[in-house]
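A.B. asks: Protein chains in written order, with my numbering: chain A, 1 to 417; chain B, 1001 to 1417. Positions of the beta carbon are idealized from the N, C-alpha and C atoms, including for glycine.
Number of protein chains: 2
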Amino acid sequence: MNIEIINIGDELLIGQVINTNASWMGEQLILSGFRAGQFTIISDSREHILEALAGAEKRAQVVLISGGIGPTRDDITKHTLCEFFNTRLVFNEEAYRDVEALFARRGYPVTELNRLQAELPETCTGIPNKLGTARGMWFEKDRNGGGKTIFISMPGVPFEMKAMMTDYIIPRLKERFNTPYIHHKTILTQGVGESFLAARIESWENALPTHIKLAYLPQPGIVRLRLTGEGKDEKILHQQIDSEVVKLQGLIPQYIFGYDLDTLELVVGKLLKERNATLATAESCTGGTIAQMITSIPGSSAYFKGSVVAYSNEIKEHILGVSPETIEKYGAVSKETVTEMAIGLQQRFDADYAIATSGIAGPDGGTAEKPVGTTWIAIAAPDEVFAEYYLFGDSRERNIRRTSLQALNLLRKKLLQ
Amino acid sequence: MNIEIINIGDELLIGQVINTNASWMGEQLILSGFRAGQFTIISDSREHILEALAGAEKRAQVVLISGGIGPTRDDITKHTLCEFFNTRLVFNEEAYRDVEALFARRGYPVTELNRLQAELPETCTGIPNKLGTARGMWFEKDRNGGGKTIFISMPGVPFEMKAMMTDYIIPRLKERFNTPYIHHKTILTQGVGESFLAARIESWENALPTHIKLAYLPQPGIVRLRLTGEGKDEKILHQQIDSEVVKLQGLIPQYIFGYDLDTLELVVGKLLKERNATLATAESCTGGTIAQMITSIPGSSAYFKGSVVAYSNEIKEHILGVSPETIEKYGAVSKETVTEMAIGLQQRFDADYAIATSGIAGPDGGTAEKPVGTTWIAIAAPDEVFAEYYLFGDSRERNIRRTSLQALNLLRKKLLQ
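1) Quick check for students: name the residue ranges of the alpha helix (DSSP H) that lie wholly in the segment 1153-1202 of chain B, counting only runs of 4 or more.
2) Beta-carbon within less than 8 angstroms of A/A351's beta-carbon, same chain only, minus the 5 sequence neighbours each way: which residues are those?
3) Could you check if A/T367 is buried or exposed, using at least 16 other CB atoms within 10 Å of its CB as the buried criterion?
4) For a quick check, are the C-beta atoms of B/A1332 and B/S1284 less than 8 angstroms apart?
5) Give the straight-line distance between the Cα atoms of A/L408 and A/I290, rounded to the nearest whole angstrom.
6) Please go through the same chain and pick out, in chain order, the residues whose beta-carbon is closer than 8 angstroms to the beta-carbon of B/Y1311, but skip the five residues on each side of it.
7) Sort out for me which residues DSSP pairs A/A472 with in a bridge.
8) Quick one: which unbroken alpha helix (DSSP H) runs of 4-plus residues sit fully inside the segment 53-117 of chain A? Chain order, please.
9) Tell me the rounded alpha-carbon separation between A/P371 and A/P363.
10) Below 9 angstroms on C-beta distance, what does B/F1040 contact in chain A?
11) Could you spell out where the alpha helix (DSSP H) holding A/R401 opens and where it closes?
12) Of the residues B/F1392, B/R1401, B/Q1347, B/R1398, which one's Cα is nearest the Cα of B/A1381?
13) Shorter than 8 angstroms from the beta carbon of A/G70 to some beta carbon of chain B?
14) What residues are listed by DSSP as bridge partners for A/M137?
15) Specify the secondary structure class of B/A1207 as computed by DSSP and reduced to three states.
16) Below 6 angstroms CB to CB, which residues in the same chain sit around B/A1022 once its five sequence neighbours on both sides are set aside?
17) Tell me A/L217's beta-bridge partners as DSSP assigns them.
18) Is it the case that the Cβ atoms of A/N2 and A/R59 are separated by a distance below 8 angstroms?
19) For B/I1005, which of helix, strand or coil comes out of DSSP?
20) First and last residue of the beta strand (DSSP E) that includes A/P424?
21) Where does the unbroken alpha helix (DSSP H) through A/K235 begin, and where does it stop?
22) At a CB-CB cut-off below 7 angstroms, which residues of chain B make contact with A/I30?
23) How would you list, in chain order, the residues of chain A whose beta-carbon sits under 7 angstroms from the beta-carbon of B/E1160?
24) I'd like to check one pair, B/L1264 with B/Q1219: are the Cβ atoms closer than 8 angstroms?
25) Assuming the contact rule is C-beta atoms closer than 8 angstroms, B/S1032 and B/K1162 should be a hit. Round their C-beta distance to whole Å, please.
26) Which of helix, strand or coil does DSSP assign to A/S300?
27) With a threshold of 16 other CB atoms inside 10 Å of the CB of B/F1159, please say whether the residue is buried or exposed.
28) Residue range of the alpha helix (DSSP H) that A/V385 falls in?
29) Is any beta-carbon of chain B found at less than 8 angstroms from that of A/R24?
30) How big is the Cα-Cα spacing for B/I1400 and A/S300?
31) Distance, Cα to Cα, A/G262 vs A/I222?
32) Can you tell me which of the three DSSP states B/G1033 falls into?
33) Quick check on A/A342: buried or exposed, where buried means 16 or more other Cβ atoms within 10 Å of its Cβ?
34) Round the Cβ separation of A/I170 and A/Q61 to the nearest angstrom and send it over; I've been treating them as touching at under 8 angstroms.
35) Ends of the beta strand (DSSP E) at A/G258?
36) Is it the case that the segment 12-26 of chain A contacts the segment 385-405 of chain A, given that we only count it when at least three CB pairs across the two stretches are under 8 angstroms?
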């Protein structure tokens, strides 16, 4: 079964907007047992839309179209779809009532433009839009040689399109095409590169049953492993995937920090909350990034006391209580300094746990002895203080990111001891 | 002149990788006086590549192709291009020497795979790749009715593709198609919404000469205005655009913070450096985001002393010296508290300037009197302290971002006084 995606919009072609709609749709299809064979991105022009529709019709059984419908546009998609399907626009009472209800909730008046938006091609089935004024449109067209090709048009506004896909389109496509049951489980790892990880789990991967596939999804500092299983019995499939996850946990326990939508800041936050414990961070090379990650989680004020970003040595001394002799003797980027930073912060902020970072993020500041990428991370816990050394790369941005993730993972492991 | 882009790669279709290559290429074409008419994203399969090439050939004079070349892949693109252009692979001595030189610099041995990578289709011109092992390929094919269609194949690795486009492909396309001279100037604004800005500069926009176009490029908290002029005389065009920028500066001086590739953290950093002044931040609702932004700039340690993320009231009191009575009487989110935070930090960190933030970022913590989005920002300068009130929206992420940008812009204006 071949699905194609057509995204309409000049803003996509001139690089003004990155086409996240297409990749989101592609991923949702995979997660539902389908697969997109082509994305076609075209301008808001009648000729171009007609050509893309005709091209997709030759190859695909389902064509998903987004864009070209919003209230400030010329509604070129709707008019062109009428032409392509040889039909006409008719006023749709139900669509109009939905817009009236939406606007009443928001306290806006309904305009003449909204009345025009309630006109739909006569031969399509309208798709409700809970979050906006333009309905989706579901067309079916006889195919040469039998069967039908389905064309589905959606707004280009990401959250409207996503709600329509999730609530209406994907469930109906699954029903129609009787796809197998699909189950996904993502295992999140930190602190290990993709190729090293691949070598470490190679025999496990090769022994996976044929109906369970593995995908590597690397991000800076993190590698996600996604298992996708396909089967007829939901319960058996879940059991099979769970048992593969258990095997993986046995192989690489030290790298796994979570599953599916977890993040390190979320996992660490949950652990602190469960233990009724508090955290503070003393950041030199990470410059506040760890604090920023932790406080991105709603409710983090329950366990996060705060942070000192100690970019200068005087702050390390005066606010964190690092001894000037330590900095003098070992340097700011050293096991001794980062340990004193963590202890000083833990005491002064009266926190159960403290993270401290000190490193040479680059691009300048490296020496032969301490090149760019040299990093120390210390964790002060109620029962001990320890520090770890890392040598990351030469990108400032990635060094900051990797140090922050590594520090959160060190704390996570300590919390689990 | 029509250009089309073909991106090859399963990883794009399953949503594993967002197709930033296409939008970057689209933008670079616009910036050079070209325009992409279509992006086609397809899988790593021979049939699909052949079909996409044939389709693009019908519509375009130039076809840019990326992906399907990397060392771990099957080199499907190169083999399929040979088939499409009816040619064969031949070993290219120059390409091989380039790979040898690249690997010698990195200290890696050259492998058999690299030898295969040095094979290029006989009829193409190789394009040097300074950053990787796979060359680009430039083909020309006779068109029905005269002229030639240009097909250019590049690696999918973004930084290799970008260097090839910038250093080799775009200059040659400009020469070949004798494009008009194009000049761009981007004006960066903060603290004003797109629709309000549009209304404010409407008459200026309507009076722009026809060869100068305006594009609105909104990002969270920032609206970029890009002027694009097209002409034959470089000098006159620059003068015309400069004069439009001067008019705009007169209309909205309070919102403009920079031009082109400036960021607020970069502009503020430059101003501090010029004045030999130092900065520190006391962050409550922004949770370290301002520190993170400032320290993302290489060399920021010259002017940034550090930060205190004061998430709890005790930190506000003990580390920043806010009086408990102030918090008791006015609350943590108040003009009085944020002002004391800024003054306390300025003194304790011995900084010339201090920024303090306190607000209710959400989603919880709002009250009838102080709803989610309520924000106070204070700036302590050597000669004065002042605080400003804002009511942002209900998204935690956007509230943090908008507060951080607003705070940096307040400091920028103060530095310029």
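C.D. replies: Taking the geometry as given:
1) 1158-1164, 1170-1177, 1194-1200
2) In the first sequence, the residue the question calls residue 351 of chain A occupies position 351. For A/A351, where only same-chain residues beyond five positions count, the Cβ hits under 8 angstroms are T278, L279, A280, K305, L345.
3) If you number the first sequence from 1, residue 367 of chain A lands on position 367. Burial call: exposed.
4) The residue labelled residue 1332 of chain B in the question sits at position 332 within the second sequence. The residue labelled residue 1284 of chain B in the question sits at position 284 within the second sequence. The answer is yes: Cβ separation under 8 angstroms.
5) Within the first sequence, numbered from 1, the residue matching residue 408 of chain A stands at position 408. Within the first sequence, numbered from 1, the residue matching residue 290 of chain A stands at position 290. C-alpha separation (whole angstroms): 8 angstroms.
6) Reading the second sequence from its first residue, position 311 is the one you call residue 1311 of chain B. If we look at B/Y1311 and ignore the five residues flanking it on each side, its Cβ neighbours are S1284, G1287.
7) Summary: the structure shown does not reach residue 472 of chain A, with chain A confined to residues 1 through 417, and so no result is reported for it.
8) 76-84, 93-106, 112-117
9) To locate residue 371 of chain A, count along the first sequence from 1; it is residue 371. To locate residue 363 of chain A, count along the first sequence from 1; it is residue 363. About 10 angstroms.
10) Sequence index remark: in the second sequence, residue 1040 of chain B carries index 40 (1-based). With the sequence shown as reference, residue 1040 of chain B is identified as Thr, and Phe is not the correct amino acid for it. Those are Q38, F39, T40, I41, listed as they occur along chain A.
11) In the first sequence, residue 401 of chain A corresponds to position 401, counting from 1. Counting along the chain, the alpha helix (DSSP H) containing A/R401 begins and ends at 396-416.
12) Here residue 1381 of chain B refers to the residue found at position 381 of the second sequence. Of B/F1392, B/R1401, B/Q1347, B/R1398, the residue nearest in Cα terms is B/Q1347.
13) Against the first sequence, residue 70 of chain A aligns to sequence position 70. At A/G70, the pLDDT of 48 sits below 50, so the modelled position is not reliable and the matter cannot be decided from this model.
14) Residue 137 of chain A sits at position 137 when you count from the first residue of the first sequence. Bridge partners of A/M137: A/G126, A/S153.
15) Numbered from 1 along the second sequence, position 207 holds the residue referred to as residue 1207 of chain B. In this structure, B/A1207 counts as coil in the three-state DSSP scheme.
16) To locate residue 1022 of chain B, count along the second sequence from 1; it is residue 22. Only I1005, N1007, F1039 meet the Cβ criterion.
17) Walking along the first sequence from the start, residue 217 of chain A turns up at place 217. Partner(s): A/R224.
18) Counted from its first residue, the first sequence places residue 2 of chain A at position 2. Counted from its first residue, the first sequence places residue 59 of chain A at position 59. Yes; because the gap between Cβ atoms is below 8 angstroms, this pair is in contact.
19) Residue 1005 of chain B sits at position 5 when you count from the first residue of the second sequence. Looking at B/I1005 - three-state DSSP - the assignment turns out to be strand.
20) Nothing about residue 424 of chain A can be read from this structure; chain A reaches only from 1 to 417.
21) Translated into the one-based positions of the first sequence, residue 235 of chain A becomes position 235. That run of the alpha helix (DSSP H) goes 234-251.
22) Here residue 30 of chain A corresponds to residue number 30 of the first sequence, with the count starting at 1. The answer, in chain order, is I1014, G1015.
23) Counting from one through the second sequence, the residue named residue 1160 of chain B turns up at place 160. Chain A residues near B/E1160: none, gap ~16 angstroms exceeds 7 angstroms.
24) Taking the second sequence and counting its residues from 1, one reaches residue 1219 of chain B at position 219. Taking the second sequence and counting its residues from 1, one reaches residue 1264 of chain B at position 264. No, the Cβ-Cβ distance between B/Q1219 and B/L1264 is not below 8 angstroms.
25) Counting from one through the second sequence, the residue named residue 1032 of chain B turns up at place 32. Counting from one through the second sequence, the residue named residue 1162 of chain B turns up at place 162. With 8 angstroms as the limit, B/S1032 and B/K1162 do not qualify as a contact, their Cβ atoms being about 14 angstroms apart.
26) By 1-based counting over the first sequence, the position of residue 300 of chain A is 300. The answer is helix: DSSP assigns A/S300 an H, G or I state.
27) Position 159 of the second sequence, counted from the first residue, corresponds to residue 1159 of chain B. Exposed: under 16 other Cβ atoms inside 10 Å.
28) As a first step, residue 385 of chain A must be located in the first sequence, where it is residue number 385. Looking at the DSSP string, A/V385 is not in any alpha helix (DSSP H); the run it does join, the beta strand (DSSP E), is 385-391.
29) Position 24 of the first sequence, counted from the start, is the residue given in the question as residue 24 of chain A. Looking at the sequence provided, one finds Trp at residue 24 of chain A rather than Arg. Yes - at least one Cβ of chain B is within 8 angstroms of the one on A/W24.
30) Indexing the second sequence from 1 puts residue 1400 of chain B at position 400. Indexing the first sequence from 1 puts residue 300 of chain A at position 300. Going by the C-alpha atoms only, they are around 14 angstroms apart.
31) Within the first sequence, numbered from 1, the residue matching residue 262 of chain A stands at position 262. Within the first sequence, numbered from 1, the residue matching residue 222 of chain A stands at position 222. The displayed chain sequence assigns Asp, not Gly, to residue 262 of chain A. Using only the alpha carbons, I get a separation of about 12 angstroms.
32) Within the second sequence, numbered from 1, the residue matching residue 1033 of chain B stands at position 33. Coil.
33) The residue you call residue 342 of chain A lines up with position 342 of the first sequence. That one is buried.
34) On the first sequence, position 170 is the one that residue 170 of chain A refers to. On the first sequence, position 61 is the one that residue 61 of chain A refers to. Not a contact, Cβ separation roughly 15 angstroms.
35) Along the first sequence, read from residue 1 onward, the residue named residue 258 of chain A stands at position 258. 256-259 is the span of the beta strand (DSSP E), which, as asked, contains A/G258.
36) no
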